[in-house]
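Residue numbers (the working numbering), protein chains in the order written: chain A, 22 to 100; chain B, 136 to 556. By construction, the Cβ of each residue, glycine as well, lies at the ideal position given by its N, Cα and C atoms. Reading through the structure tokens given below for one structure.
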């Protein structure tokens with residue numbers, strides 16, 4: 022499904038900082054479950070309520086000033 | 136905390152190349168000095184400022200574009216700064232930010248400098264949001280101090296600060312222990328035979344071809360002389376399985392059997408070779424794909440994707456080569472990528488070129504000897520178009536290649552931990 026501007030901005034953020042990896046095989050589109058998992062990882066690493074949804078708190082967090090290096094967080098490292 | 140690497144010495148120099156216009160010079164300099172001090176207070180590190188010449192850590196401010204940095208900044212807000220991992224030493228700040236000190240306005244230079252120095256010293260991002268090494272700037276804190284996770288991270292790299300540090304001698308750069316290399320090399324290969332062990336787009340954009348005990352460079356105008364592999368990379372055996380250079384970390388990885396060797400330029404990193412445990416032994420080929428900054432390792436009909444700077448879950452690998460690299464044969468003998476994302480696979484006497492969508496382009500496979508090795512014809516004449524291999528190359532000694540050996544210090548971290556353990 023086509024992403025709205027806010028969703029696209031969030032996906033760009035998740036990609037830029039290593040939460041989401043561009044799918045190499047098949048389609049150029051991300052699967053909703055991949056985006057949800059990346060959002061969940063970002064929320065968990067940011068100590069936000071983990072919903073896997075692009076809620077207001079997550080958007081605010083993504084707009085905060087930060088370091089340009091990638092984050093190493095994924096479900097495995099968080100575990 | 137996450138560890139990305141470490142310096143092989145504990146007494147480091149730094150140089151401030153420029154300062155932000157938003158702060159008085161003495162205030163900005165004091166902020167940077169204080170940033171170093173946070174780390175030297177808890178670890179046996181010393182930092183000495185130099186005003187000219189080469190320094191280990193170099194701090195500078197640049198804007199949206201820089202001639203000297205490939206990572207552009209984005210104006211006020213969002214990305215504030217970035218830094219390289221050891222032993223590279225670059226620390227860059229976005230000059231469009233409102234850099235301040237002693238106020239809640241703007242962005243505190245001291246705290247951000249301390250964060251970026253953490254990267255320059257080898258720390259990755261912490262998952263503790265109150266840690267200095269958390270990725271997001273938590274704002275000005277008048278009574279700022281390091282988080283226990285920051286302290287634990289830096290001490291994991293350099294140990295705890297001890298009182299004897301003042302009188303301690305600068306440690307010598309320890310030479311790597313290298314296994315003996317056979318003194319009788321295999322016969323000098325004919326580049327026009329087409330067969331290759333490995334290909335690599337190496338540092339400074341040089342293309343290296345490997346066959347048997349020998350390596351040579353390939354350019355648009357011809358071939359370089361053949362050198363013994365061990366003459367260029369001391370301690371490296373011939374008959375390699377695969378070779379790949381990562382511009383992301385500036386490391387060169389060589390694979391043979393169940394071992395991996397890791398070099399920065401022409402010096403082997405300490406602790407290598409190491410055993411490959413997480414990916415299969417006897418790899419066929421390896422390449423770095425610039426579009427996702429990952430290293431790909433190939434064996435048989437499968438591949439592994441490896442992120443050098445983040446934990447990689449290898450449980451999903453190997454995956455079938457054909458599922459990603461359309462039209463490529465199994466068991467390639469070599470592979471390499473170009474900066475624009477195109478990829479070449481080599482097998483036997485032929486090579487296949489893939490576009491950025493990783494599909495074989497029309498007209499391939501083509502002949503390696505003719506199109507890469509400047510050979511006039513595959514069957515009638517096997518003389519390199521650029522001239523015969525110089526006789527002097529037969530008895531190559533280290534002396535003949537002394538200039539490329541004069542390079543930077545090797546690193547002391549283990550970037551291959553993900554695939555070796």
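Using CA coordinates, which residue listed in 481/B, 504/B, 384/B is at the minimum distance from residue 141/B? 384/B
Would residue 94/A count as contacting chain B if we go by Cβ distances under 8 angstroms? yes
Below 8 angstroms between beta carbons: does that hold for residue 178/B and residue 290/B? yes
Between which residues of its own chain and residue 392/B is the CB-CB distance below 8 angstroms, once the five residues before and five after are set aside? 376, 416, 417
DSSP three-state label for residue 510/B, please. strand
Find the residues of chain A that neighbour residue 324/B, judging by a C-beta separation of less than 8 angstroms, and give them in chain order. Within chain A, no residue comes near residue 324/B; the closest Cβ sits about 34 angstroms away, beyond 8 angstroms.
Reduced DSSP category for residue 548/B - H, G, I as helix; E, B as strand; rest coil: Low confidence applies here, because residue 548/B scores a pLDDT of 46, under 50, leaving its location unreliable; read the following figure in that light. Residue state, collapsed to three classes: coil.
When we look at the beta-carbon of residue 248/B and count the other beta-carbons within 10 Å, is it buried (16 or more) or exposed? buried
Check whether residue 480/B and residue 473/B have beta carbons under 8 angstroms apart: no
Euclidean distance between Cα positions of residue 335/B and residue 205/B: 22 angstroms
8 angstroms Cβ cutoff met for residue 470/B and residue 422/B: yes
Could you give the distance in angstroms between the alpha-carbon of residue 429/B and the alpha-carbon of residue 159/B? 42 angstroms
Hey, residue 331/B and residue 503/B are a contact pair by Cβ (cut 8 angstroms); roughly how many whole angstroms apart? 7 angstroms
Which one or two residues does DSSP pair with residue 183/B in a beta bridge? 148/B
Once DSSP output is grouped into helix, strand and coil, what is the label at residue 60/A? helix
In the region 249-272 of chain B, which residues sit with their C-beta less than 8 angstroms from some C-beta in chain A, listed in chain order? 250, 251, 254, 259, 260, 262, 264, 270, 271, 272
Quick check on this structure: which residue in 212/B, 231/B, 219/B has the alpha carbon closest to the alpha carbon of residue 154/B? 231/B
Assign residue 167/B to one of three DSSP states: helix, strand, or coil. helix
Stretch-stretch touch, CB-based, cutoff 8 angstroms, three pairs: the region 180-187 of chain B with the region 198-218 of chain B: no
Does any CB atom of chain A fall closer than 8 angstroms to the CB of residue 412/B? no
Exposed or buried, residue 558/B, counting other C-beta atoms within 10 Å across all chains shown (16 or more means buried)? As shown, chain B starts at 136 and ends at 556. That puts residue 558/B outside it, with no answer to give.
Take residue 221/B as the anchor and find which of 399/B, 241/B, 458/B, 364/B has the nearest alpha-carbon. 399/B
Take residue 491/B and list the residues in its own chain whose beta-carbon comes closer than 8 angstroms to its own, dropping the five residues that flank it on each side. 426, 475, 476, 477
Going by DSSP in three states, residue 88/A sits in which element: helix, strand or coil? strand
DSSP beta-bridge partners for residue 174/B? Looking at the DSSP assignment, residue 174/B forms no beta bridge with any residue, so it has no partner.
Using a cut-off of 7 angstroms between C-beta atoms, extract the partners of residue 212/B located in chain A. 86
Return the first residue and the last residue of the alpha helix (DSSP H) that residue 33/A is part of. 26-37
Taking 8 angstroms as the threshold, find out whether the region 81-90 of chain A comes into contact with the region 266-283 of chain B through three or more Cβ pairs. yes
What residues are listed by DSSP as bridge partners for residue 437/B? 434/B, 455/B
Does any C-beta atom of chain A lie closer than 8 angstroms to the C-beta of residue 490/B? no
Can the beta-carbon of residue 482/B be found less than 8 angstroms from the beta-carbon of residue 453/B? no
If you draw a straight line from the alpha carbon of residue 419/B to that of residue 241/B, how long is it in whole angstroms? 53 angstroms
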